[in-house]
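Numbering (numbering that gives the first Met the number 0), first residue to last: 0 to 534.
All C-beta atoms, glycine included, are put in the ideal place defined by N, C-alpha and C.
Being a predicted model, the structure only gives us computed values, none of them experimental.
Presented below is the structure to which this report refers.
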Amino acid sequence: MCDEVHAAPRKEGKFRGSSRGSYSFATPRVMVYILPFKERKQTMKEVRTRFAPSPTGFQHLGGFRTAFFAWLLAKRYGGKFLLRVEDTDQERSVPGAIRFIIEELAWFGIQVDEGPSRAELKSLGEDWDEAPNLGGECGPYIQSLRLPRYKEIAEQLIEKGFAYRCDCTPEMLERERNEQMARKEQPGYSGYCRTRSVGAETKHVVRFKMPQRRALSFNDAIRGRVAWETIPLRDTVILKSDGFPMYHLAVVVDDHDMKISHVLRGIEWLSSTPIHLLLYEALGWEPPVFAHLPVVNGPDGKKLSKRTGAAKSSELRERGFLAEAVLNYVSLIGWAPGEGSDQEIFSREELISKFSLEGINEASGVFDPVKLEWMNGLYIRNLPVEEFISRSKPFLKLAEVDLSHDVFAAIAPHVQERVKVLTEVPPMVDFLCERPLQRQMDAMFQKGVDAAKAKEILARAAQVLEALPEFSITAIDQALRGVASELGLKPGPAFVALRIAVTGKTVTPPLFESFAVLGRDRVLSRIRETIGLIA
RNA sequence: GGCCCCAUCGUCUAGCGGUCUAGGACGCUGGCCUCUCACGCCGGAAACAUGGGUUCGAGUCCCAUUGGGGUCACCA
Numbered sequence: 000m001c002d003e004v005h006a007a008p009r010k011e012g013k014f015r016g017s018s019r020g021s022y023s024f025a026t027p028r029v030m031v032y033i034l035p036f037k038e039r040k041q042t043m044k045e046v047r048t049r050f051a052p053s054p055t056g057f058q059h060l061g062g063f064r065t066a067f068f069a070w071l072l073a074k075r076y077g078g079k080f081l082l083r084v085e086d087t088d089q090e091r092s093v094p095g096a097i098r099f100i101i102e103e104l105a106w107f108g109i110q111v112d113e114g115p116s117r118a119e120l121k122s123l124g125e126d127w128d129e130a131p132n133l134g135g136e137c138g139p140y141i142q143s144l145r146l147p148r149y150k151e152i153a154e155q156l157i158e159k160g161f162a163y164r165c166d167c168t169p170e171m172l173e174r175e176r177n178e179q180m181a182r183k184e185q186p187g188y189s190g191y192c193r194t195r196s197v198g199a200e201t202k203h204v205v206r207f208k209m210p211q212r213r214a215l216s217f218n219d220a221i222r223g224r225v226a227w228e229t230i231p232l233r234d235t236v237i238l239k240s241d242g243f244p245m246y247h248l249a250v251v252v253d254d255h256d257m258k259i260s261h262v263l264r265g266i267e268w269l270s271s272t273p274i275h276l277l278l279y280e281a282l283g284w285e286p287p288v289f290a291h292l293p294v295v296n297g298p299d300g301k302k303l304s305k306r307t308g309a310a311k312s313s314e315l316r317e318r319g320f321l322a323e324a325v326l327n328y329v330s331l332i333g334w335a336p337g338e339g340s341d342q343e344i345f346s347r348e349e350l351i352s353k354f355s356l357e358g359i360n361e362a363s364g365v366f367d368p369v370k371l372e373w374m375n376g377l378y379i380r381n382l383p384v385e386e387f388i389s390r391s392k393p394f395l396k397l398a399e400v401d402l403s404h405d406v407f408a409a410i411a412p413h414v415q416e417r418v419k420v421l422t423e424v425p426p427m428v429d430f431l432c433e434r435p436l437q438r439q440m441d442a443m444f445q446k447g448v449d450a451a452k453a454k455e456i457l458a459r460a461a462q463v464l465e466a467l468p469e470f471s472i473t474a475i476d477q478a479l480r481g482v483a484s485e486l487g488l489k490p491g492p493a494f495v496a497l498r499i500a501v502t503g504k505t506v507t508p509p510l511f512e513s514f515a516v517l518g519r520d521r522v523l524s525r526i527r528e529t530i531g532l533i534a
């Protein structure tokens, strides 16, 4: 009954016509995320999703969005989220990449239920003090540690006639390709070794026999039916000559072994799904539900890259973004709650309860750093003050702005609603330190305030402030306004001089509060110092 | 080039045949608030790629065109 939802019939017409060899994979577990909770519990398998990055460098935001969606889906249905490391390309694997991924997931608060154990990490030389010991029943969770398993499956496929050994050298393949191109044919492996019998002892790869003229389709959880009338692919290598598997073999084997129910991955994988489907078929395994996610592009409309600046999560953290805000923002690229809802600020719990594959868009999206900043500012403002203070402290320390807890706490509420990222905090409060000020003196003279007038304001203000019985915010407020009107000035222009004299800057937290926090002595000495500076 | 995916304001999106003279958010912009800067509040400009169908009726369904993107490795 519920099968209808994802068996989206919109592509049906296109597909119906091909009668020969038509085959489609049923994906009955589609109903997993549309059945009411109680019903589901009795009939459904556990939802198990995974994030399977290859440790070839730094993941960007798009990668973590994929991980987050997979995590949300698992949590939504009380399932498990696993981390698997796809390091089958020895040459491209870079040391430290696994650690980066694990630490970033932790920063985002995406808990991994199953993943590499400490021993697995150690065996790869990827061990560090705070390394978590994930583990799980389906390990190892690092592909380079699962080589015998892939070999076993490859042998099985050869025995059953779905695959064969090929000892063609790269040079031979190259020559073949050149000849094909000269003849203006589609280049690709001809299948030379299909009918030969290459012994296991000679150096070889294992190739999967791709059927030609075969219709194939499946129900993508996001796009509905995707169909191929013929398989356009050549016999593809599934096991390399060095004994490592190719991606296609490794994913299929691992997703099966690890009982993955839903595969969420980037749309760049859509084209290779037929190979995976064929592999599942040959192995007699039931394929998981596939959901191919739209890509996230940079503001330039091109793929997210390291040069996109804020696209690297670790960089966002260093720049003072909050994990909650980043996750909230990133989840909005390609996903919306739907049902006419306008909501776009979600707690983690709300996201879990509202997330669904149906809400994911087909179209690619653009990462907008400006909106992220806005949202981060919103999250910062919504933080309890104490939380804001403790999160700001590392940034103060890094910027060598040395303030006591009490001093910073006194000004914090005013800073909190003025920053979008935490790195903006230190420059906003560094005037409270003992450091000598660099004053923007030239900004002082404007709107009817010349050097003489400025001196007058400062001198009078110093006098009045010194005489104040109590150096409180309201007292300072009244006193300073009094000075302004006494000198025939509006508060605005009058306070510019004072602000620069005491803080050195034109933009600061509110003046009276700043003065109160600084204390009378320092305010007075700074004002007097400035008077001497005016020519 | 073959195959596949995609197409609503600049950007993220709502919209699942009539309630769309298309709603929200960021950004932009006019104003209010105001000691600067922010916050907050009120207002504005800004989009259904094009052409055919289907239908009493299409942003919503179908086809084509155009334009983007992906993929065709002993990379993932």
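Original post:
Between the C-alpha atoms of alanine 534 and phenylalanine 99, what's the straight-line distance to the nearest angstrom?
Top reply: As a working note, residue 534 is residue 535 in the first sequence. As a working note, residue 99 is residue 100 in the first sequence. About 56 Å.
**OP:** Have a look at proline 8 and alanine 226 and give me their C-alpha separation to the nearest angstrom.
**Re:** Indexing the first sequence from 1 puts residue 8 at position 9. Indexing the first sequence from 1 puts residue 226 at position 227. Only weak support is given to the placement of proline 8: the predicted model assigns it a pLDDT of 30, under 50, and the value that follows is read from those uncertain coordinates. Cα to Cα, proline 8 sits roughly 12 Å from alanine 226.
**OP:** Verify whether the separation of the beta carbon atoms of phenylalanine 354 and threonine 272 is less than 8 Å.
**Re:** Taking the first sequence and counting its residues from 1, one reaches residue 354 at position 355. Taking the first sequence and counting its residues from 1, one reaches residue 272 at position 273. In this structure, the beta-carbon distance from phenylalanine 354 to threonine 272 does not fall below 8 Å.
Original post:
Hey, how far is the Cα of leucine 331 from the Cα of aspartate 254?
Top reply: In the first sequence, residue 331 corresponds to position 332, counting from 1. In the first sequence, residue 254 corresponds to position 255, counting from 1. For leucine 331 and aspartate 254, the gap between their C-alpha atoms comes out near 27 Å.
Original post:
When you compare each of Pro492, Gly62, Arg347 to glutamate 323 by their alpha carbons, which one comes out closest?
Top reply: Here the question's residue 323 lines up with position 324 in the first sequence. Out of Pro492, Gly62, Arg347, Arg347 has the C-alpha closest to the C-alpha of glutamate 323.
**OP:** Compute every distance between the C-beta of glycine 56 and the non-hydrogen atoms of the ligand NAD, then say whether any falls below 7 Å.
**Re:** This structure does not include the ligand NAD; it has no bound ligands of any sort.
Subject >> Range covered by the beta strand (DSSP E) that runs through tyrosine 163 >> reply: Here residue 163 refers to the residue found at position 164 when the first sequence is read from its first residue. Counting along the chain, the beta strand (DSSP E) containing tyrosine 163 begins and ends at 162-165.
**OP:** Check the C-beta distance from serine 260 over to glutamate 45 and give it rounded, since I have them as a contact under 8 Å.
**Re:** Position 261 of the first sequence holds residue 260. Position 46 of the first sequence holds residue 45. The pair is a contact, with the Cβ atoms about 7 Å apart (cut-off 8 Å).
Original post:
Beta-carbon separation of valine 295 and arginine 91 under 8 Å?
Top reply: By one-based count along the first sequence, residue 295 stands at place 296. By one-based count along the first sequence, residue 91 stands at place 92. Their beta carbons are not under 8 Å apart, which means valine 295 does not touch arginine 91 by this criterion.
Subject >> Cα-Cα separation between proline 509 and glycine 358, rounded to whole angstroms >> reply: Here the question's residue 509 lines up with position 510 in the first sequence. Here the question's residue 358 lines up with position 359 in the first sequence. Near 44 Å, if we compare the C-alpha coordinates of glycine 358 and proline 509.
Original post:
Using DSSP with H/G/I as helix, E/B as strand and the rest coil, what is proline 425?
Top reply: Taking the first residue of the first sequence as 1, we reach residue 425 at position 426. Reduced to three states, the DSSP call for proline 425 is helix.
Original post:
Is valine 506 buried or exposed, if buried means 16 or more other CB atoms sit within 10 Å of its CB?
Top reply: The count along the first sequence starts at 1 and reaches residue 506 at position 507. Under a 10 Å Cβ-count criterion, valine 506 is classified as exposed, with fewer than 16 other Cβ atoms of the shown protein chains found around its own Cβ.
Original post:
In chain order, what residues of the same chain have a beta carbon less than 8 Å from the beta carbon of proline 94, not counting five sequence neighbours either side?
Top reply: For the purposes of this step, residue 94 is identified with residue 95 of the first sequence, where counting begins at 1. Excluding residues within five positions, the ones whose Cβ falls inside 8 Å are Gly124, Glu125.
Subject >> Cα-Cα separation between tyrosine 246 and lysine 121, rounded to whole angstroms >> reply: Against the first sequence, residue 246 aligns to sequence position 247. Against the first sequence, residue 121 aligns to sequence position 122. Distance between tyrosine 246 and lysine 121, taken at the CA atoms: about 23 Å.
Original post:
Mind checking arginine 75: buried by the 16 CB within 10 Å criterion, or exposed?
Top reply: Locating residue 75 in the first sequence gives position 76, where the first residue counts as 1. Answer is buried; the Cβ neighbour count reaches 16.
**OP:** Could you work out which residue in Arg145, Glu102, Gln110 is closest to glutamate 119 when comparing CA atoms only?
**Re:** Within the first sequence, residue 119 is the residue found at index 120, counting from 1. Between glutamate 119 and the set Arg145, Glu102, Gln110, the nearest pair of CA atoms involves Arg145.
Original post:
For proline 131, which residues from the same chain have a beta carbon less than 7 Å from its beta carbon, with the 5 sequence-adjacent residues on both sides left out?
Top reply: For the purposes of this step, residue 131 is taken as the residue at position 132 of the first sequence. The residues are Ile101.
Subject >> Inter-stretch contact (C-beta, 8 Å, three-pair minimum) for the region 409-428 and the region 520-530 >> reply: The region 409-428 is not in contact with the region 520-530.
Original post:
Could you give the C-beta distance for valine 262 and proline 287, rounded to a whole number, given that I count them as a contact under 8 Å?
Top reply: As a position in the first sequence, residue 262 is number 263, starting the count at 1. As a position in the first sequence, residue 287 is number 288, starting the count at 1. With a Cβ gap of about 5 Å, valine 262 and proline 287 count as contacting.
Original post:
Should tryptophan 127 be labelled buried (16 or more other beta-carbon atoms within 10 Å of its own) or exposed?
Top reply: Counted from its first residue, the first sequence places residue 127 at position 128. Per the 10 Å Cβ criterion, exposed.
Subject >> Separation of methionine 427 from glutamate 416, as counted between CA atoms >> reply: By 1-based counting over the first sequence, the position of residue 416 is 417. By 1-based counting over the first sequence, the position of residue 427 is 428. Rounded to the nearest angstrom, the two C-alpha atoms are 12 Å apart.
**OP:** Assign valine 204 to one of three DSSP states: helix, strand, or coil.
**Re:** Locating residue 204 in the first sequence gives position 205, counting from the first residue. Taken through DSSP and simplified to helix, strand or coil, valine 204 comes out as strand.
Original post:
Apart from the five residues on each side of it in sequence, which residues of its chain come closer than 7 Å, Cβ to Cβ, to leucine 431?
Top reply: For this step, residue 431 is matched to residue 432 along the first sequence. If you ignore the 5 residues before and after leucine 431, its C-beta comes within less than 7 Å of the C-beta of Leu402, Val406, Ile410, Val516, Leu517, all in its own chain and listed in chain order.
Original post:
Can at least three beta-carbon pairs, one atom from the region 362-380 and one from the region 392-401, be found at a separation below 8 Å?
Top reply: No contact exists between the region 362-380 and the region 392-401.
Subject >> Own chain partners of leucine 71 with C-beta closer than 7 Å, once the 5 adjacent residues on each side are dropped >> reply: If you number the first sequence from 1, residue 71 lands on position 72. Sequence-distant Cβ neighbours of leucine 71 in its own chain, meaning closer than 7 Å and more than five residues away, are Leu350, Ile351, Phe354.
**OP:** With distances taken Cα to Cα, identify the nearest neighbour of tyrosine 188 among Glu175, Thr194, Met180.
**Re:** Taking the first sequence and counting its residues from 1, one reaches residue 188 at position 189. Residue Glu175 holds the alpha-carbon nearest to the alpha-carbon of tyrosine 188 among Glu175, Thr194, Met180.
Original post:
Among the residues of its own chain, which have a CB less than 7 Å from the CB of serine 21, if the five just before and after it don't count?
Top reply: Start at 1 with the first residue of the first sequence, and residue 21 comes out as number 22. Here serine 21 scores only 35 on pLDDT, less than 50, and its place in the model should not be relied on; the value that follows carries that caveat. Hits under 7 Å: Ala214.
**OP:** Compute the Euclidean distance between the alpha carbons of isoleucine 157 and alanine 281, then round it to the nearest angstrom.
**Re:** Within the first sequence, numbered from 1, the residue matching residue 157 stands at position 158. Within the first sequence, numbered from 1, the residue matching residue 281 stands at position 282. Pairing isoleucine 157 with alanine 281, the inter-Cα distance amounts to about 11 Å.
Original post:
Which two residues bound the contiguous beta strand (DSSP E) that contains histidine 261?
Top reply: Taking the first residue of the first sequence as 1, we reach residue 261 at position 262. Segment 261-265, the beta strand (DSSP E) holding histidine 261.
Original post:
Is proline 35 helix, strand or coil by DSSP?
Top reply: Counting from 1 along the first sequence, the entry for residue 35 is found at position 36. Model confidence at proline 35 stands at a pLDDT of 34, short of 50, so the residue's coordinates are unreliable and nothing is read from them.
**OP:** List the endpoints of the continuous alpha helix (DSSP H) containing asparagine 327.
**Re:** Residue 327 sits at position 328 when you count from the first residue of the first sequence. Counting along the chain, the alpha helix (DSSP H) containing asparagine 327 begins and ends at 322-330.
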